[in-house]
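**Q** Right, I'll just put the structure down here and ask away after.
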Amino acid sequence: MEGSDQAPHDIENPCIPLVTSMGEELDGLSPLSSLCCIYRVPERLRRVSEKAYTPQVVSIGPLHHGKEGLKAMEDHKKRYLQDYIRRTRVSLADYVQKVKDQEAKLRSCYAETIQVSSDEFVRIILVDAAFIIEVLLRYRFDELQDENDCIFNKPYMLQDVWPDMRLLENQLPFFILEELFDPDKIEVSSNNNNIERLSILNLCHNFFKNLMHIEGTDGNMEKLCASKVEHFVDFCRNLHLPLPLKPHAKGRLETLNTPSITELHRAGVKFRVGSPKNLFNIKFANGILKIPKLAISDETELTIRNLLAFEQCHCMENYINDYVVIMDRFVNTAKDVELLVKHGIVENSLGDSSEGSTLINNLADGVIVDPNDFYFAILCADLNKYCRTSWHKWQANLRQNYCNTPWATISIAAAIFLLILTFIQTVCSVISALPSKR
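Residue numbers (our numbering): 74 to 511.
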């Protein structure tokens, strides 16, 4: 009887199994957290360049942990943890407890649910955090490098490892590095007088500004110290941001048809290397366009792509996005790259100018232009206005095509002088031929 009673009930409510299943799925969702800062790269960006977002040598954090091509570094990371324990004289149990106490907060920093056990999660975070801290310390202080160091005493090994430390999907929350790092426990003879200034933030600044060849960022440290750093990608983005941030400099973008470098050159615009303090210090005044120096290389592509991905996933302001857009407008052909190289603005490590222009243009695939909130809107308007002035084009044409060498200038001046003399002679001849008044 019990079975016969249940059958009609199921027939009358065919949605019950689906409701139950969906309820379980909804109950299993973790709540959104304001701490979330580490994301999977959106597919529309990833499909343009898979390699730019995927670690090649070392996994950092849980998202790529255990992948076949990255397992070779696992023992090396554990050796760095072992060295860090010896260096700080803090027990492994204490470090495990520190990470364990922060597990919930750490998990909240990842946009997706990390499907590993508590013990495995703590293991991954601790090993990777100690590895990162040791890399930063050994890069800063040569005396900490062991003669058998697997990274610093192997040619090019650091150049293989550190790009993986800039990938959005390959990050640890910055706070756990600060939690595990105690400068009072780091004995370095070359830093005895500056031990109070030894911090994860300063170590990061020293590491990234040197390896990324970023100049003029020392002034940004005050801003970095005052702000919350989420992870290394966020740190690198902050290094590049304008200081101070000037939201009022933004405006409405009237047209996307910004002149290219070649078109600006034909209109008489002169080019200068801008201030190295940040990428956004692009200025135009009195016919001179100043652009901060940009190194074009595979590393440039990797860095900008991950900064852009983080910005689109996490940030309200679209500074990197707008920088990529304006550079895409400036560079359309190999000729544009050649002009920038000629004026010292671009250092093209790829060698071929067409490859350089292709790299810059490909960076813009997947970007989103907000015409109502574009950082370089005023710059674009000023450049368009300058190029529409016929006098500027006439001047540039004369200078570039007829006065482009000293001898050409002298020849033009001599020709004009002869024309003037001929004109004077003609006038005098006409006057002398006129009948004189008696």
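C-beta: ideal position from N, C-alpha, C; glycine also.
The model shown is predicted, which means the values in this text are computed figures rather than measured ones.
Excluding sequence positions up to five away, which residues of its chain have a Cβ less than 8 Å from the Cβ of I259?
**A** Translated into positions along the sequence shown, residue 259 becomes position 186. Cβ neighbours of I259 beyond the five flanking positions: R160, T161, L210, I268 and L271.
**Q** Excluding the 5 residues flanking R113 on each side, which residues of the same chain have their C-beta closer than 8 Å to its C-beta?
**A** Position 40 of the sequence shown, counted from the start, is the residue given in the question as residue 113. Excluding positions up to five away in sequence, the list reads L136, A184, E185 and E242.
**Q** Compute the distance between the beta-carbons of E411 and S426, then report whether it is under 7 Å.
**A** Locating residue 411 in the sequence shown gives position 338, where the first residue counts as 1. Locating residue 426 in the sequence shown gives position 353, where the first residue counts as 1. Yes, the Cβ-Cβ distance between E411 and S426 is below 7 Å.
**Q** What's the C-alpha gap between L492 and A340?
**A** For the purposes of this step, residue 492 is identified with residue 419 of the sequence shown, where counting begins at 1. For the purposes of this step, residue 340 is identified with residue 267 of the sequence shown, where counting begins at 1. Taking the straight line joining both Cα atoms gives about 28 Å.
**Q** Report the residue ranges of all alpha helix (DSSP H) runs contained in full by the segment 157 to 216; include only those spanning at least 4 residues, in chain order.
**A** Taking only runs of at least 4 residues, the alpha helix (DSSP H) segments lying wholly in the segment 157 to 216 are 165 to 174, 176 to 181 and 191 to 213.
**Q** Name the DSSP bridge partner or partners of I369?
**A** Along the sequence shown, read from residue 1 onward, the residue named residue 369 stands at position 296. The partner list for I369 (beta bridge, DSSP) reads N421.
**Q** Thinking C-beta only, is L436 closer than 7 Å to I399?
**A** By 1-based counting over the sequence shown, the position of residue 399 is 326. By 1-based counting over the sequence shown, the position of residue 436 is 363. Not closer than 7 Å, so no.
**Q** Can you confirm whether the segment 198 to 205 touches the segment 325 to 344 when touching is taken to mean that 3 or more C-beta pairs between the two stretches lie within less than 8 Å?
**A** Taking 8 Å as the limit for Cβ pairs, the verdict is that the segment 198 to 205 does not touch the segment 325 to 344.
**Q** Let me know if R325 comes out buried or exposed under the rule of 16 or more other beta-carbons within 10 Å of its beta-carbon.
**A** Translated into the one-based positions of the sequence shown, residue 325 becomes position 252. Exposed, because fewer than 16 other Cβ atoms sit within 10 Å of the Cβ of R325.
**Q** Could you tell me the distance, in whole angstroms, from the CA atom of G139 to the CA atom of W235?
**A** If you number the sequence shown from 1, residue 139 lands on position 66. If you number the sequence shown from 1, residue 235 lands on position 162. Cα-Cα distance, rounded: 19 Å.
**Q** Just grab the DSSP bridge partners of R345 for me.
**A** Start at 1 with the first residue of the sequence shown, and residue 345 comes out as number 272. According to DSSP, which records beta bridges pairwise, R345 is partnered with K363.
**Q** How far does the alpha helix (DSSP H) with K529 in it extend, from its first residue to its last?
**A** Residue 529 lies beyond the stretch modelled for the chain, which goes from 74 to 511, so this question has no answer here.
**Q** By Cβ distance, which residues of its chain are closer than 8 Å to T328, with the 5 residues on each side in sequence left out?
**A** If you number the sequence shown from 1, residue 328 lands on position 255. Counting only Cβ-Cβ distances below 8 Å, and skipping sequence neighbours, we find C453 and N457.
**Q** So N359 packs on V306, CB below 8 Å; how close in whole Å?
**A** Taking the sequence shown and counting its residues from 1, one reaches residue 359 at position 286. Taking the sequence shown and counting its residues from 1, one reaches residue 306 at position 233. Between V306 and N359 the Cβ distance is about 37 Å, and since that is not below 8 Å, they are no contact.
**Q** At a cut of 8 Å, does the segment 386 to 404 reach the segment 300 to 315 through at least three beta carbon pairs?
**A** Contact holds: three or more Cβ-Cβ distances are below 8 Å.
**Q** Can you tell me whether F225 is helix, strand or coil according to DSSP?
**A** Position 152 of the sequence shown holds residue 225. F225 falls in the coil class under three-state DSSP.
**Q** Let me see if you follow: with CB-CB separation under 7 Å, is H338 close to chain D or not?
**A** No chain D appears in this structure, which consists of one protein chain only.
**Q** If I follow the unbroken alpha helix (DSSP H) through K415, where does it start and stop?
**A** Locating residue 415 in the sequence shown gives position 342, counting from the first residue. That run of the alpha helix (DSSP H) goes A407 to K415.
**Q** Does the Cβ of K150 have 16 or more other Cβ atoms within 10 Å, making it buried, or fewer, making it exposed?
**A** Walking along the sequence shown from the start, residue 150 turns up at place 77. Classification of K150: buried, given that the 10 Å Cβ count is 16 or more.
**Q** CB-CB under 7 Å to I441, same chain, minus the five flanking residues each way: which ones, in chain order?
**A** Numbered from 1 along the sequence shown, position 368 holds the residue referred to as residue 441. Only N394 meet the Cβ criterion.
**Q** With burial defined as no fewer than 16 other Cβ atoms inside 10 Å of the residue's Cβ, what is the status of R239: buried or exposed?
**A** Counted from its first residue, the sequence shown places residue 239 at position 166. Result: buried.
**Q** Between which two residues does the alpha helix (DSSP H) holding F247 run?
**A** Translated into positions along the sequence shown, residue 247 becomes position 174. It spans F247 to L253 - the alpha helix (DSSP H) in which F247 sits, taken as one unbroken run.
**Q** Could you check which residue in S94, K301 and V131 has the C-alpha nearest to that of C223?
**A** Counting from 1 along the sequence shown, the entry for residue 223 is found at position 150. Of the candidates S94, K301 and V131, the one whose C-alpha sits nearest the C-alpha of C223 is V131.
**Q** In or out: I273 buried (at least 16 other Cβ within 10 Å) or exposed?
**A** Locating residue 273 in the sequence shown gives position 200, counting from the first residue. Answer is buried; the Cβ neighbour count reaches 16.
**Q** Tell me whether the segment 275 to 287 and the segment 212 to 221 touch, counting them as touching only if at least three CB pairs, one residue from each stretch, are closer than 8 Å.
**A** Touching, yes.
**Q** Hey, quick one: how far does the beta strand (DSSP E) through K356 stretch, first residue to last?
**A** Residue numbering aside, residue 356 sits at position 283 when the sequence shown is read from its first letter. From DSSP, the beta strand (DSSP E) with K356 extends over K356 to A358.
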